[in-house]
Every structure is written in structure tokens, then in C-alpha cells.
Amino acid sequence: HAYADTFSHQGFSGLLSKVNAINNCQVETKLSLQWLERFSLFLKNIGEEKLEKYLGTFIPGYGHAQAMDLPDLPYLTWSYEYDHSDDFKGNYARVVVNNPERYQRAFEKIRAVLQHYLELYPHHRDESVNFDSFSTLYEALLLFSHDKGRITHWQNTLVKTGLFAPEDREYYTYTDDLWLKEAFINYDYHKFHNRRVENAITVENFKESSWYRFIQGVKWYKRKFFYYSKELGLYFPS
Numbered sequence: 004h005a006y007a008d009t010f011s012h013q014g015f016s017g018l019l020s021k022v023n024a025i026n027n028c029q030v031e032t033k034l035s036l037q038w039l040e041r042f043s044l045f046l047k048n049i050g051e052e053k054l055e056k057y058l059g060t061f062i063p064g065y066g067h068a069q070a071m072d073l074p075d076l077p078y079l080t081w082s083y084e085y086d087h088s089d090d091f092k093g094n095y096a097r098v099v100v101n102n103p104e105r106y107q108r109a110f111e112k113i114r115a116v117l118q119h120y121l122e123l124y125p126h127h128r129d130e131s132v133n134f135d136s137f138s139t140l141y142e143a144l145l146l147f148s149h150d151k152g153r154i155t156h157w158q159n160t161l162v163k164t165g166l167f168a169p170e171d172r173e174y175y176t177y178t179d180d181l182w183l184k185e186a187f188i189n190y191d192y193h194k195f196h197n198r199r200v201e202n203a204i205t206v207e208n209f210k211e212s213s214w215y216r217f218i219q220g221v222k223w224y225k226r227k228f229f230y231y232s233k234e235l236g237l238y239f240p241s
């Protein structure tokens with residue numbers, strides 16, 4: 004996920020940063036989906052000046068928040084203006100983002116990483132799977148549809164290509180709170196979907212839970228990220 008985001012979120016920092024303060028987002032893809040048409044009409048009606056004031060006031064420069072979901076739609080081409088000066092003097096330039104091209108690079112790079120991993124650790128390879136329909140997966144990734152339609156099409160593709168059996172639905176269906184339900188005795192959707200959660204009660208074998216291991220993995224990744232960023236001289240302006 005983190006590696007994929009380095010492609011789709013290119014140009015944005017995952018931190019609260021001036022780098023993420025952008026202007027004048029526009030959808031360049033020919034619109035046919037109803038929600039995109041409504042979004043385009045919304046931008047036209049509210050006006051650029053009011054929209055930029057709204058985004059700057061109520062949506063902080065955290066990640067791609069001011070670009071909304073546009074970086075995360077694989078089929079979309081869109082554009083925005085950003086301050087390309089080193090000291091944020093307001094020298095804005097427009098950049099056009101071709102999501103299909105970015106997603107293709109991400110797809111191929113992730114495929115290469117996974118193949119390399121299996122070469123290093125062949126005991127993790129499922130010898131019963133003989134799969135080479137990567138072009139089919141890529142086509143499914145770029146499907147021009149709303150979220151629900153793309154998810155359903157992706158799930159159907161996983162079954163049609165033989166990666167999963169129809170009865171494996173629990174394995175290829177994403178449930179966002181599955182790990183939380185397994186890790187906390189008093190899990191409640193509304194209580195736990197807050198930035199701060201108090202009085203959470205863990206299960207007896209909490210350290211064996213997927214949620215605990217995920218958090219440990221995130222901490223490990225964060226330490227590595229800042230270590231190598233410093234080693235490579237990368238700077239993230241606040």
C-alpha cells in the first residue's frame with residue numbers, strides 16, 4: 004500500500020506540509036460518470052476563488068486532502084497548480100496528472116517486487132497457482148466506473164482468472180474493521196472510528212492479532228522511512 008501510494012500520491016507529502024497546498028484542481032478526463040459530472044458542475048458553480056478559500060481554510064495541507072480523491076481514481080486524468088519555488092514565494096505552475104500511466108508503472112513495479120520476493124523466498128510460492136493473466140488484472144484496475152462497480156468487477160476478475168474460488172469470498176472481500184473486531188473485546192464501530200479511542204479492552208492474545216502486528220509494522224516502516232530519508236538528504240518542509 005505504502006509503495007503504491009508513492010506513485011498515486013506523487014507530488015504530495017504524507018505529512019502536514021506547505022507542499023500539499025495546491026490550487027485550481029480540474030478534471031481533464033472526458034466526463035460520463037454522474038458523480039464526476041456533479042463534481043465538475045460543483046467546481047463551476049462555486050467558483051475558483053471561493054473553492055480555494057474553502058480548501059485553504061477547512062482542509063489542511065495534509066497528504067492529498069486538497070486534491071480530494073482525484074489521485075486515487077485509476078482511470079482519471081486531472082490537473083492542479085502548485086508552488087514550485089524552493090521557498091514558497093507563490094510561483095505556481097500547472098501540472099497534468101495521468102493516473103492510468105502512473106498506475107501502470109505502479110502495477111509493473113509491484114509485480115516485479117513480488118516476483119523478486121518469491122525468488123528469494125520460494126517456500127512462500129503456491130505451486131498450485133499458474134497465473135500469467137496480468138494484463139487482465141491491469142485492465143480491471145483501470146475500469147471506468149464508480150467505486151462499487153470497480154470493486155465488484157475486480158472481485159469477479161479474481162474469480163474468473165482462477166486466483167480465488169467463488170466460495171473464497173471472505174478472502175477477497177475487504178472489511179475495514181475485521182482486525183479491530185478480532186483485537187478488541189468491546190469493539191464498537193462508532194466509538195472506534197475516532198482519532199482518539201479511550202477504554203479499549205484487548206483480547207487475551209492481543210499481541211498475536213493482525214491489528215497489533217499491523218501497528219508494529221507501521222512503526223517499523225516509519226523508522227525506516229525517516230532513517231533513509233535522512234541518509235539520502237530528503238527534506239520535508241512543514
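Its first residue numbered 4, the sequence shown is counted upward by one per residue in the numbering used here.
Beta carbons are placed, not taken as given, at the ideal position from N, Cα and C, and that holds for glycine.
Counterpart residues of residue i in DSSP-defined beta bridges
i    : result
W81  : V30, V100
I154 : None; I154 has no bridge partner.
D86  : Y95
I321 : Outside the modelled stretch of the chain, which goes from 4 to 241, sits residue 321, for which no answer is possible.
T205 : F187
Element boundaries [alpha helix (DSSP H), containing residue i]
i    : result
S232 : 213-234
Y175 : 172-175
Y192 : 192-195
D8   : 5-11
K184 : 181-186
F147 : Run containing F147: none; DSSP gives neither H nor E here.
Spatial distance of residue i from residue j (CA atoms)
i    : j    : result
Y190 : S213 : 15 Å
F167 : H127 : 17 Å
E31  : F147 : 14 Å
T205 : N197 : 17 Å
A109 : F91  : 30 Å
S232 : G14  : 16 Å
F228 : K112 : 19 Å
Q69  : L79  : 16 Å
A186 : P103 : 37 Å
H156 : G165 : 14 Å
Y141 : F217 : 27 Å
E170 : Q107 : 30 Å
L183 : E207 : 14 Å
P77  : D89  : 30 Å
S221 : M71  : Before going on, a small fix: residue 221 reads as Val here, not Ser. The alpha-carbon atoms of V221 and M71 are separated by roughly 24 Å.
K53  : D8   : Because K53 sits at a pLDDT of 49, beneath the cut-off of 50, its placement in the model cannot be relied upon, and the following sentence gives the value as read from the coordinates. Straight-line Cα distance between these residues: approximately 29 Å.
Q158 : Y175 : 7 Å
K178 : R172 : First, the amino acid is wrong: residue 178 is Thr here, not Lys. When rounded, the distance between both Cα atoms is 11 Å.
N202 : F209 : 15 Å
F137 : V116 : 14 Å
E40  : G152 : Legend: pLDDT at E40 = 47, less than 50; position of this residue unreliable, value from coordinates given subsequently. Near 17 Å, if we compare the C-alpha coordinates of G152 and E40.
R97  : Q219 : 39 Å
N133 : L144 : 21 Å
K225 : A5   : 11 Å
Y192 : G93  : 43 Å
T160 : D135 : 13 Å
L181 : R105 : 30 Å
K21  : V200 : 29 Å
S11  : F195 : 28 Å
L73  : T139 : 24 Å
Y120 : R114 : 10 Å
P63  : I154 : Interpretation of P63 is limited by its pLDDT of 49, a score under 50 that renders its predicted location unreliable; the figure taken from the coordinates is listed afterwards. P63 and I154: Cα-Cα distance of roughly 29 Å.
Min CB distance residue i to chain B below 8 Å
i   : result
N23 : The structure shown contains no chain B, having only a single protein chain.
**OP:** Check whether the region 80-98 touches the region 21-30, taking contact to mean three or more Cβ pairs, one atom from each stretch, closer than 8 Å.
**Re:** A contact exists between the region 80-98 and the region 21-30.
Subject >> Cβ contact (3+ pairs, closer than 8 Å) linking the region 115-131 and the region 142-162 >> reply: These segments do not touch.
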